[in-house]
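Take the sequence shown: its position 252, counted from the start at 1, is 252 in the working numbering, and no numbers get skipped. For glycine and all other residues, C-beta sits at the position ideal for the given N, C-alpha and C.
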Amino acid sequence: MSILLDGIGELVTNSPAHGDGPLGRIRDAALVVDGGRVAWVGASGLAPAADERVEAGGRAAIPGFVDSHAHLVFAGDRATEFAARMSGQPYAAGGIRTTVAATRAASDGELRANLRRLAAEALATGTTTIECKSGYGLTVVDEARSVALAAEVTAEVTFLGAHVVPAEYAGDPDGYVDLVRTAMLDAAAPHARWIDVFCERGAFDADATRAILAAGIARGLVPRLHANQLGPGPGVQLAVEHGAASADHCTHLADVDVAALAGSGTVATLLPGAEFSTRSPYPDARRLIDAGVVVALATDCNPGSSYTTSMPFCIALAVRDMRMTPDEALWAATAGGARALRRDDIGHLAPGARADVVLLDAPSPIHLAYRPGVPLVAAVWKDGAPPTE
Ligand SMILES: [Zn+2]
């Protein structure tokens, strides 16, 4: 059955072939959905007939957000740690261990309920595709169940056994790296598409990152990397060297890192929720964009350093504090995220794309940054399914 979404005040297609500018904007637009896919986009008056008609009432419509970086399989929260940090204590990677202990102690049902709650929260704020990492289990059994649970809510599952060295391996970090790249990888790989390493001082160094990525690649997983978040380091170079889909955070970059990204197929995924929630300096988005690097925006949703599922919030931060234009931020949160997940069926609304459409209670998507904190998502179409309004 085909559905005509008509009376769209401003439609962002992210397809320059179908509208104006890099965002492929169409004013007074219509969109036809058929079989879960976009069948047609164009000016309202030219729309073909469809089985059903839905009136947008002049509201703006955009592609569903693609959140390409989230950690949703965990138990508990760290509100107390957040309050302490906001009272002046710095963020350190070791806080992850608090969540590891809670996650190991939780039942499958508790983890599943929390995961589904967060995935539903993300969908309600317009996220139609979300990536989900393991990384709070850090045993063979707990990482395997983490990726299996993640696979229940998304196809974009990332094995992050190399999130932090767990307490029981504090005296033998090399032994933990060996576990990650052998038995833990074997148990997790059947449920995962991606492999990730937290390449950072206090987490995993260059040699460990290389060993784990090589093992993951040999198992058919594609790398994406936590890189250069807390300080300068080898993460971005390793991401590019291994053909990673994305280098994530990119907060502390040398000129050679920017150049490496610009000449590569690796997307720079910026996660301003993390800098916001740790009161840290933001990555230099302008430097990356001006150098020709493809930039994505994602939430980094996790209970320690960025406990938000809201892509509109990240867009507002990117515009206000990272000096991205509203158009750049919207593109990065949709098409950029799709690039970071190497997907060409999402992040845009050209015919053939998945009919993942967000209708905004606003005449223009500029309002996402212009009206921060306001729930502007009026309706979400996922795979052409009727709005959850
Ligand atoms: Zn992360």
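Checking the 7 Å criterion, the Cβ of N228 is out of range of every heavy atom belonging to ligand 1. Excluding residues up to 5 positions away in sequence, G36, R37, D345, I346, D383 lie with their Cβ nearer than 7 Å to the Cβ of R354 in the same chain. Between the alpha carbons of S305 and P283 lies a distance of about 15 Å. In the three-state reduction of the DSSP assignment, G58 falls in the coil class, being assigned neither a helical nor a strand state.
Here DSSP, grouped into helix, strand and coil, assigns F74 to coil.
Short note on N114: C-beta not closer than 7 Å to any heavy atom of ligand 1. Put simply, the backbone Cα of L270 is about 34 Å away from that of G57. Short of 7 Å from the beta carbon of R323, and not among the five residues preceding or following it, lie these beta carbons of its own chain, in chain order: A285, R286. With contacts defined as CB atoms closer than 8 Å, P312 and L376 qualify as a contacting pair.
According to the DSSP assignment, E10 belongs to the beta strand (DSSP E) that extends over 2-12.
If you draw a straight line from the Cα of F198 to the Cα of V222, it is about 15 Å long. Distances taken from the Cβ of H71 to the heavy atoms of ligand 1 include one shorter than 7 Å.
If you draw a straight line from the Cα of A296 to the Cα of T13, it is about 17 Å long. In this structure, A150 and V73 form a Cβ contact; the two beta carbons are roughly 5 Å apart against a cut-off of 8 Å. Taking C-alpha positions only, D321 is separated from G373 by approximately 15 Å. The DSSP-derived three-state label of I212 is helix. With contact defined as three or more Cβ pairs closer than 8 Å, the stretch 167-176 and the stretch 104-115 are not in contact.
Not one heavy atom of ligand 1 is found less than 7 Å from the C-beta of D67.
Sequence-distant Cβ neighbours of V147 in its own chain, meaning closer than 6 Å and more than five residues away, are S134, V157, F159, A188, H191, A192. Judged by DSSP in its simplified three-state form, I289 adopts helix. Taking the Cα positions, A338 is about 11 Å away from S246. Counting only the Cα atoms, G45 lies some 45 Å from G243. In the three-state DSSP reduction, P351 falls in the coil class, being neither helix nor strand. Per DSSP, the beta-bridge partners of W40 are V32.
The C-beta of P365 has 16 or more other C-beta atoms within 10 Å across all chains shown, which makes the residue buried.
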